[in-house]
Amino acid sequence: MNTFSSLTPAQFAAIGTELDAIRNRVRADLGQRDADYIRTLVKRQRRFEVAGRVMMMIPPAWPLGVASLGVSKILDNMEIGHNVMHGQYDWMNDPALNSKHFEWDSADTSKNWKITHNHEHHTYTNVLGKDHDVGYGLLRMSEDQKWEPRFLANLPLTVILHTFFQHFVAVQNLHLEEALVYKTKTAAQVKEEFKPMWAKMKKQLKKDYVFFPLLAGPLAPLVLVGNIGANLMRNVWACAVIFNGHFPEDVEQFPESVIENETRGQWYVRQLLGSANFEGGKLMHIMSGNLSFQIEHHLFPDLPAHRYADIAPEVRAICEKYGLPYNTGSFLRQTLSTWKRIARLSLPTPKRPKASPRNSSDEAPAPLAMAA
Amino acid sequence: MSATAPRSHFLANGLRRALGSRLAATLAYPHGVDRYLEQFAPTESLTEVRADVVAIDHPTADSVTLRLRPNRNWKGFRAGQYVRLTVEIDGRRRSRCYSPAQSVHATDGLIELTAKTHAAGFVSKHLKQGLTVGTVVGLSQAEGSFALPDQRPARVLLISGGSGITPVMSMLRTLTDEGHAGPITFLHYANTAQDQLYGAELAAIAARFPNVLLLRGYAAPNQGGELEGLFCRAHLNAVPDFADAEAFLCGPPGMMKAVQKLWADEGLAERLHVEHFAAAPAVVADSVNADGDVRFIRSERLAKNSGATLLDQAEAAGLKPESGCRMGICHACTCRKASGRVRDTRTGEISDAGEADIQICVSVPVGTVTLDL
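Those protein sequences? They're chains P and S, same order as listed.
Everything in the first sequence is counted per our numbering, starting at 1 for the first residue and increasing by one.
Everything in the second sequence is counted per our numbering, starting at 1001 for the first residue and increasing by one.
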């Protein structure tokens, strides 16, 4: 299935124009409504956070406190942090909601995140060797990734990745696999690069695991465990949402050759093919930072995410018009599909018949070159 | 002069000290204490100056006077200085400079800003029409070197035009509050008597203080002013000792130019102190004819605008700004624009001339642009 080869250069251009039109229309419409939306979210997040920290120090309310802080961290990282750092609210000119200055309640530095996520992942979405999010250097997520014995542990490693997600993301840019597996990086290099990351991690660890517990006096262990619980809740949820956005079975990965002379239309199509949505109610969308609209997010990463629901039907119509898949399903379906893929890829991929030129670097996909 | 009138502060001093402690900062990391505080008390902040709008008046048909009560971070000002006022209009924060007009000795603790609205005045129009009492606005500390010297000059000449009256009004009020003994001439230009800002108060001051001479010039005929028409050499016949005075000037560009030229011709340039109202340059719709300069203030470099994106131009100038996708996706290159208009290469949209964060990889300067790079 080579979706690229089914489209002509004119069609790529037309898709680009139609999607640009949506983007421009929404951007021109940004205003009070969007400002009110994000400020309301921030207000709720702050209230959940304060309430959670207080309730955790009152034993009968402890479970509520953990849940409340977990919700606060999820809102902070996803609908607020992730989206603000994408520059979705830069137009407001408010330093507190600006991608340049925003720092989130996560072990990862905003600076690092903007490199690995905004730049690498969003520009080179699902391009093997360019988008480190494809497996985080830890997992095998695509048939085109060469199998190694360490990938036998694909499933347990995925569980570990979910559990410690914030810390994996924080050290993602170290590319530890280069030091540990491929020996292309020295320990000294890793140590040097780790310094700024550790500075932020330390602050987060101190806050959640030292100072807030100490503030609770004799109840310190309760608060410590509660904070671990809240962080775990956020870690697992964030990781699951992200995996559902890019790794369900039919989502495509691409060889590096696609990005040479890629046009805007082709970039858009790659984003479409490399992302998947999941369905749910309003609460599900907010709690996932609207990454339930991963497709729309990848097409328009800097449009305020609460707008994705409005434009999704139009994007879907464009997909239908040009015969492009629009990958969506329930949260459960996408999760199962993702884990199936992870399980399957822990074993070597049997040699396939030479039907898919997309996967062979010798036979570069012709339509791309033509369209360039 | 940070004296504030009796007011029930949300924060007692002790609480404020606790919130400003290192422990509070550690617990509030990474957002900071202010981001929590403002959820409960929008005007309060540990460091930022914010103010409540407590009164809005409309002294003339096209002007508005705001009275603002700043929080306790406001450090006061010297008569003549300006502040950057930040208001939110349709979700966007916009900043403009205004000179407080009150005396530095005013005891009510309020900051008084007067703005004239004009056709292109997006922010001033909002101040007049959209702002309501109780709104919280942002302020900078007082800035600018246009101010009465601490050692008050013996002979003072205040020259202003239109809304340029505000900084010199502050000087006049301050000097009269101090019982300043030396002669003060207040030379002011307006289109008509009806447009005259602070008319009644000026007349009252002139009547009360024999050392204050009020000279009003109106562009329209028969307005009852002491002078007629725009600023000219002949008007100075009413101020025969103008060469002995420290002169303070603020007004529209044409008038300022005329006064500055005269002072320069007389060899008095250093006795003339000026405050410019930065007028937004006209929009050049055709970007093919790139003109103006690109100023990189942090690296102190200046380049001729080549018409390329600001990122390309910065790199061509030998700078290495942060960048990423170079297509407006990742916001790695976002950079503070101090002034000037830019065109978004994706939409063709032309920005506001004020301070803002822009993505330099998709921004082409329209005329002169100043970047914090």
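We treat Cβ as the ideally placed atom computed from N, Cα and C, and that holds for glycine.
All values derive from a computational prediction rather than experimental measurement.
Return the CA-CA distance between Arg1233/S and Lys1261/S, expressed in angstroms with no decimal places.
11 Å
Identify each residue in the segment 1080-1093 of chain S for which the Cβ-Cβ distance to at least one residue of chain P is less than 8 Å, and report them in chain order.
Glu1088, Asp1090, Gly1091, Arg1092, Arg1093
Under 7 Å between C-beta atoms, does His1331/S make it to chain P?
yes
Are the C-beta of Gln1039/S and some C-beta of chain P separated by less than 7 Å?
yes
Helix, strand or coil, according to DSSP, for Cys1325/S in the structure here?
coil
Taking DSSP as the reference, what is the three-state secondary structure of Ile1159/S?
strand
Tell me the rounded alpha-carbon separation between Val1366/S and Ala1303/S.
14 Å
Tell me the DSSP secondary structure of His285/P in three-state form.
helix
Which of helix, strand or coil does DSSP assign to Pro1153/S?
coil
Counting beta carbon pairs with one atom in the segment 1060-1079 of chain S and one in the segment 1104-1117 of chain S, are three or more of them shorter than 8 Å?
yes
Expected contact under 8 Å - CB spacing of Ile80/P and Gln45/P to nearest Å:
6 Å
What is the rounded straight-line gap between the Cα of Gln1141/S and the Cα of Met85/P?
28 Å
Which partner residues of Gln1359/S appear in the DSSP bridge assignment?
Thr1334/S
Name the chain S residues whose beta carbon is nearer than 9 Å to that of Asn126/P?
Those do not exist, as Asn126/P stays about 15 Å from chain S at its closest Cβ, beyond 9 Å.
What does the Cβ neighbour count give for Pro1153/S, buried or exposed, with the cut at 16 atoms within 10 Å?
buried
Closest Cα partner of Asp1150/S within the set Ser1163/S, Gly1032/S, Val1104/S:
Val1104/S
Among the residues of its own chain, which have a CB less than 8 Å from the CB of Leu138/P, if the five just before and after it don't count?
Leu157, Leu161, Phe168, Glu177
Rounded separation between Leu180/P and Ala187/P - CA only
9 Å
Beta-carbon proximity list for Lys1128/S, same chain, < 6 Å, skipping 5 on both sides:
Val1064, Thr1117
Span of the alpha helix (DSSP H) holding Thr328/P?
Run containing Thr328/P: none; DSSP gives neither H nor E here.
State the CB to CB distance for the pair Leu1227/S and Ala1238/S, rounded to an integer number of angstroms; the pair is presumed to be in contact (CB under 8 Å).
7 Å
Let's see if you can read the secondary structure: which residues bound the alpha helix (DSSP H) around Phe212/P?
212-215
Beta-carbon within less than 7 Å of Leu155/P's beta-carbon, same chain only, minus the 5 sequence neighbours each way: which residues are those?
Ile342, Ala343, Ser346
Comparing alpha-carbon positions, which option in Pro63/P, Arg27/P, Lys207/P lies nearest Gly229/P?
Pro63/P
Taking 6 Å as the limit between beta carbons, can you name the residues of its chain near Arg1067/S, skipping five residues before and five after?
Val1054, Ala1055, Leu1110, Glu1112
Give a yes or no on whether 7 Å exceeds the smallest Cβ distance from Thr1107/S to chain P.
no
Cβ distance (whole Å) where His297/P is taken to contact Cys1330/S below 8 Å
Not a contact, Cβ separation roughly 13 Å.
May I have the straight-line CA-CA distance separating Ile242/P from Gly129/P, to the nearest angstrom?
19 Å
Going by the beta-carbon positions, is the gap between Ile22/P and Ile295/P smaller than 7 Å?
no
Three-way DSSP call (helix, strand, coil) for Pro1070/S in this model
strand
Checking 7 Å against the spacing of the C-beta atoms, do Thr1347/S and Asn93/P come in under that value?
no
Mind checking who Tyr1218/S pairs with in its DSSP beta bridge?
Ala1190/S, Glu1228/S
Is there contact between the segment 1183-1190 of chain S and the segment 1205-1214 of chain S, where contact requires at least three CB pairs shorter than 8 Å?
yes
In the DSSP assignment, what are the bridge partners of Ala1303/S?
Val1294/S
Measure from the C-beta of Asp1052/S to each C-beta in chain P and report whether the shortest distance is under 7 Å.
no
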